Amino acid sequence: MGVVNVTPDSFSDGGRWFDTERAVAHGIELIEQGADLLDIGGESTRPGATRPAQDEELRRVLPVVRGLASRVRVSVDTMRAEVARQSIEAGAQIINDVSGGLSDPDMHHVVAQAGVDYVCQHWRGYGAVMNKLSTYHDVVAEVAAELELRIEACLAAGMAAESIIVDPGLGFAKTAEHDWTILANLERFTALGHRVLVGASRKRFLGHLLDGREPSGRDAATAAVSVICAQQGVWAVRTHEVSGQRDAVAVVERLSQARRWSSSGLDSTEPGSPSTDGD
Ligand code: PMM
Numbered sequence: 019m020g021v022v023n024v025t026p027d028s029f030s031d032g033g034r035w036f037d038t039e040r041a042v043a044h045g046i047e048l049i050e051q052g053a054d055l056l057d058i059g060g061e062s063t064r065p066g067a068t069r070p071a072q073d074e075e076l077r078r079v080l081p082v083v084r085g086l087a088s089r090v091r092v093s094v095d096t097m098r099a100e101v102a103r104q105s106i107e108a109g110a111q112i113i114n115d116v117s118g119g120l121s122d123p124d125m126h127h128v129v130a131q132a133g134v135d136y137v138c139q140h141w142r143g144y145g146a147v148m149n150k151l152s153t154y155h156d157v158v159a160e161v162a163a164e165l166e167l168r169i170e171a172c173l174a175a176g177m178a179a180e181s182i183i184v185d186p187g188l189g190f191a192k193t194a195e196h197d198w199t200i201l202a203n204l205e206r207f208t209a210l211g212h213r214v215l216v217g218a219s220r221k222r223f224l225g226h227l228l229d230g231r232e233p234s235g236r237d238a239a240t241a242a243v244s245v246i247c248a249q250q251g252v253w254a255v256r257t258h259e260v261s262g263q264r265d266a267v268a269v270v271e272r273l274s275q276a277r278r279w280s281s282s283g284l285d286s287t288e289p290g291s292p293s294t295d296g297d
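Residue 126 in our numbering sits at position 108 of the sequence shown; the count goes up by one each step and never skips.
This is the structure in C-alpha cells:
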C-alpha cells in the first residue's frame with residue numbers, strides 16, 4: 019500500500035504532494051513502482067499535529083481520489099464519517115480509519131452501509147495527546163484486546179467480517195519499545211482472524227534505531243520490516259517508498275516457493291522449475 023499524503027505537515031513527506039496534480043502524479047509513480055493499493059490522506063496523524071477542518075480535508079482528498087481510483091484500488095485515510103462517505107462516492111474502495119471508529123460515532127455505519135473494506139487501527143487519542151497515552155503493562159495483550167473490542171463494534175454496525183482489516187497502529191500511543199514488541203509478536207494480530215495491515219514506514223522507532231537518521235533514509239530498514247511482515251502472513255504494508263518494498267517481498271515469496279519445492283522433494287534445476295539463469 020503506497021502512501022499519498024495530501025498534507026502540509028506529515029512527518030516524513032509533509033508538503034511534498036500538497037496539491038492535487040502533484041499528489042496524483044506521485045500516486046501514479048507509486049503504481050509504476052508496483053503498489054497494489056494507494057492510501058490517500060488529508061490529515062497528518064503525527065504526534066502533536068492539529069486537525070484540519072472537515073471542509074479542508076475534503077478539499078485535499080476528493081480530487082486525488084478521483085484522479086487515482088480508475089487506476090488502482092484506493093484507500094482513504096480518514097477519521098471522519100463524512101469524508102469516508104464522500105470518498106467512497108468518489109471511488110475509494112477501502113476506508114483506513116486510524117481511530118478504529120473511536121473518533122467519529124457514525125464511521126462504522128457509513129462503512130457498513132457502503133460495504134467497502136475497513137482498516138480498523140489501534141488508537142487511544144489524537145496526535146496532540148497520544149504520546150501521553152502510551153502506558154501498558156503488556157502492550158501486545160492490551161492492543162489485541164482493544165482491537166477485539168473495535169472489531170466487535172464493526173460487526174455490531176453491520177460490517178462483514180471479511181471486510182475488516184486490523185492494524186496494531188505502530189507509533190500511535192506507543193513508544194519505540196512498544197513498536198518492537200508488537201513486531202516481535204505479529205502472530206497475536208494475525209490470530210484475530212482478519213487481514214492485517216502494518217504501517218512501519220520511516221517511523222520514529224526506525225529513526226531511533228538508525229541514530230536519528232532523517233525519515234527519507236529509513237527505507238532500507240522499512241524494507242526489513244516488510245520482510246518480517248511478509249513472513250508472518252501480514253496482508254499489506256503501508257509504505258512511502260514502494261519499489262524497494264516490492265523487491266523485499268519478492269525475495270520472501272521466492273524463498274517460500276523454494277521451501278515448498280525442496281520439502282516436496284523437487285529439485286529447482288528440474289525442467290519447469292523456476293529460472294536458473296546463472297545469476
Ligand atoms: N500511520 C500513519 C498514518 N496512517 N494508517 C494505518 N492504517 N496504519 C498506520 O500505521 C498509519 C496510518 C502515519 O504515518 P504518515 O504520517 O507517514 O502517513
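Cβ coordinates follow ideal geometry from the N, Cα and C atoms, glycine included.
Note that the structure is predicted; figures quoted are calculated from it, not measured.
Let me confirm a value: residue i is counted as buried when at least 16 other C-beta atoms fall within 10 Å, else exposed. Which label applies?
i	result
residue 258	buried
residue 157	buried
residue 150	exposed
residue 146	exposed
residue 294	Residue confidence for residue 294 is low, a pLDDT of 48 falling below 50, so the modelled location carries little weight and cannot support an answer.
residue 260	buried
residue 155	exposed
residue 61	buried
residue 229	exposed
residue 218	buried
residue 73	exposed
residue 45	buried
residue 53	buried
Out of the options, which has the shortest C-alpha to C-alpha gap to residue i?
i	options	result
residue 247	75, 188 and 116	188
residue 132	121, 109 and 143	109
residue 23	107, 106 and 256	256
residue 100	80, 265 and 180	80
residue 216	281, 57 and 66	57
residue 197	263, 51 and 220	220
residue 69	27, 44, 249 and 172	27
residue 209	38, 71 and 165	165
residue 174	199, 127 and 213	127
residue 86	48, 67, 235 and 169	48
Since residue i sits in a beta bridge, which residues does DSSP pair it with?
i	result
residue 55	91
residue 135	112
residue 254	215
residue 20	56 and 257
residue 184	138 and 214
Leaving out five residues before and five after residue i in sequence, what residues of the same chain have Cβ atoms less than 7 angstroms from its Cβ?
i	result
residue 129	102, 113, 136 and 177
residue 201	243 and 246
residue 222	189 and 194
residue 76	101 and 104
residue 231	225
residue 227	239
residue 37	none
Among residues of its own chain, excluding the 5 on either side of residue i, which ones have a beta-carbon nearer than 8 angstroms to its beta-carbon?
i	result
residue 55	19, 20, 90, 91, 92, 93, 112 and 254
residue 190	63, 116, 139, 140, 141, 142 and 148
residue 160	154
residue 97	61, 115, 116, 117, 121, 122 and 125
residue 51	20, 259, 260, 261 and 264
Looking only at its chain, what residues have a beta carbon closer than 6 angstroms to the beta carbon of residue i, apart from the 5 residues adjacent to it on each side?
i	result
residue 139	116, 118, 185 and 187
residue 162	206
residue 192	152
residue 41	22, 24, 35 and 82
residue 251	208
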